[in-house]
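S.K.: Residue numbers (the numbering used here): 325 to 722.
#1: Looking at the strands, I want to know which residues DSSP matches up with residue 609.
#2: I think residue 447 touches residue 656, with their Cβ atoms under 8 Å apart; what is that distance to the nearest whole Å?
#3: Apply the 10 Å Cβ neighbour rule to residue 373 and answer buried if 16 or more other Cβ atoms are within range, or exposed otherwise.
#4: Buried or exposed: residue 658, going by 16 or more other Cβ atoms within 10 Å of its Cβ?
#5: Between residue 419 and residue 425, what straight-line distance do the alpha-carbon atoms span, to the nearest angstrom?
#6: When you compare only the Cα positions, how much space is there between residue 434 and residue 440?
#7: Alpha carbon to alpha carbon, how far is residue 559 from residue 353? Give it in angstroms, no decimals.
#8: So residue 573 and residue 667 are in contact, right, with Cβ under 8 Å, and what is the actual spacing, rounded?
#9: Rounded to whole angstroms, what's the CA-CA distance from residue 617 to residue 579? Just pull it up for me.
#10: Looking at C-alpha atoms only, which residue of 492, 565, 538 and 444 is the closest neighbour of residue 410?
#11: Counting C-beta neighbours from all protein chains within 10 Å, is the total for residue 390 16 or more, i.e. buried, or is it exposed?
#12: According to the neighbour-count rule (16 or more other Cβ atoms, all chains shown, within 10 Å of its Cβ), is residue 554 buried or exposed?
#13: In angstroms, rounded to a whole number, what distance separates the CA positions of residue 406 and residue 567?
#14: Just the C-alpha distance for residue 543 and residue 371, rounded to the nearest angstrom, thanks.
#15: Suppose contacts are defined by Cβ-Cβ distances below 7 Å. Is residue 378 in contact with residue 503 by that definition?
#16: From residue 413 to residue 365, what distance separates their C-alpha atoms?
Set out below in structure tokens:
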């Protein structure tokens, strides 16, 4: 445990942000939380009841933009917020947000794929399929270019502004850059135990969304929060897109949306089935016994022909992934920065496992019914189980 008292913090971890916030008459950091290693996340050291305030950040301590009026577009807010943050980063210790700015300056560049090196971008693009990409997420290396350089006219020679853009993409909340908020890690399902309350012009609060037991880690959700974009969720936003937008290797539960080209099949009765690109969606979650379940989206109704086709498509992608790994693993290792390299192969393992479990869930299902499938959690964690599944589906590349 690093923080003995959350109202004090420790400067070499939080750059004095906790003490800075707590020193304001309207600022508050709950003394029931601590910052612990090696996870480097926020934990409760005592029970926190539902709706109890965890942090309250006064409005004047939040980096924001004057573009927050109702008539402003999201693009205008983003561009203006990046420009505002860039100014503060350049001021450094002279900024009125100095403790928070010093924390942001300490963050490593390249935390999202679109801010990676050219070599890292090339490798992840090849793993996902290159020009014939069939695996999610789309636009994995383009977000920074699209949102900052193209939409906002950002200067590629301004390294500080580029870092500001990456930081805003990854860490803003409702158009605000909020001290301490980025220390809450993301995790969905029953792990999510916080939510935010914003009182415009007064404060940003993080409160307990349920009772949090002593020792629990504090989690927020980037995509399933009360203020999140429900349309994006309905369109398949999930684990892959969180990796693209936030650099997150999401722990269970996970949601996947695979969008291969639409295809048309005819069943034994002569009926034509059109399987659209939006249909291949499923989730992975574990129950209280540690079993991992594969649950397909309620809209999916496969007969045995459709199941066979999806298995073939997924098997084809796995074989292609293995070919890429065998071809590029050694030749790119010294070219790709270590943190990018680690993230790439973590994502590789995650999407490989998702494909394998999805394929396995399609075995022996009744026609037109996609029931929940479960398997041992060790499949997600153990190389032996992964190898067994690979052999089962004959997806090794020779």
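No residue lacks a Cβ here, since even glycine has one placed at the ideal position from N, Cα and C.
M.R.: From the atom records:
#1: Here residue 609 is taken as the residue at index 285 of the chain shown, counted from 1. In the DSSP output, where bridge partners are listed per residue, residue 609 has 617.
#2: Here residue 447 refers to the residue found at position 123 when the chain shown is read from its first residue. Here residue 656 refers to the residue found at position 332 when the chain shown is read from its first residue. Sure, about 5 Å apart at Cβ, within 8 Å.
#3: Taking the first residue of the chain shown as position 1, residue 373 is located at position 49. It is exposed - the Cβ of residue 373 has fewer than 16 other Cβ atoms within 10 Å.
#4: Translated into positions along the chain shown, residue 658 becomes position 334. When all chains shown are included, residue 658 counts as exposed.
#5: Translated into the one-based positions of the chain shown, residue 419 becomes position 95. Translated into the one-based positions of the chain shown, residue 425 becomes position 101. Using only the alpha carbons, I get a separation of about 7 Å.
#6: Along the chain shown, read from residue 1 onward, the residue named residue 434 stands at position 110. Along the chain shown, read from residue 1 onward, the residue named residue 440 stands at position 116. So the alpha carbons of these two residues sit roughly 5 Å apart.
#7: Position 29 of the chain shown, counted from the first residue, corresponds to residue 353. Position 235 of the chain shown, counted from the first residue, corresponds to residue 559. Between residue 353 and residue 559, the C-alpha separation is close to 37 Å.
#8: Counting from 1 along the chain shown, the entry for residue 573 is found at position 249. Counting from 1 along the chain shown, the entry for residue 667 is found at position 343. With a Cβ gap of about 7 Å, residue 573 and residue 667 count as contacting.
#9: By one-based count along the chain shown, residue 617 stands at place 293. By one-based count along the chain shown, residue 579 stands at place 255. Each residue's Cα considered, the two are about 12 Å apart.
#10: Here residue 410 corresponds to residue number 86 of the chain shown, with the count starting at 1. Measuring from the Cα of residue 410, the nearest candidate turns out to be 492.
#11: Residue mapping note: residue 390 aligns to position 66 of the chain shown, counting from 1. Residue 390 should be labelled exposed.
#12: Residue numbering aside, residue 554 sits at position 230 when the chain shown is read from its first letter. With fewer than 16 Cβ atoms within 10 Å of its Cβ, residue 554 is classed as exposed.
#13: Against the chain shown, residue 406 aligns to sequence position 82. Against the chain shown, residue 567 aligns to sequence position 243. Roughly 21 Å separates the two Cα atoms.
#14: The count along the chain shown starts at 1 and reaches residue 543 at position 219. The count along the chain shown starts at 1 and reaches residue 371 at position 47. Answer to the nearest angstrom: the Cα atoms are 15 Å apart.
#15: Start at 1 with the first residue of the chain shown, and residue 378 comes out as number 54. Start at 1 with the first residue of the chain shown, and residue 503 comes out as number 179. Cβ atoms of residue 378 and residue 503: not closer than 7 Å.
#16: Locating residue 413 in the chain shown gives position 89, counting from the first residue. Locating residue 365 in the chain shown gives position 41, counting from the first residue. Near 24 Å, if we compare the C-alpha coordinates of residue 365 and residue 413.
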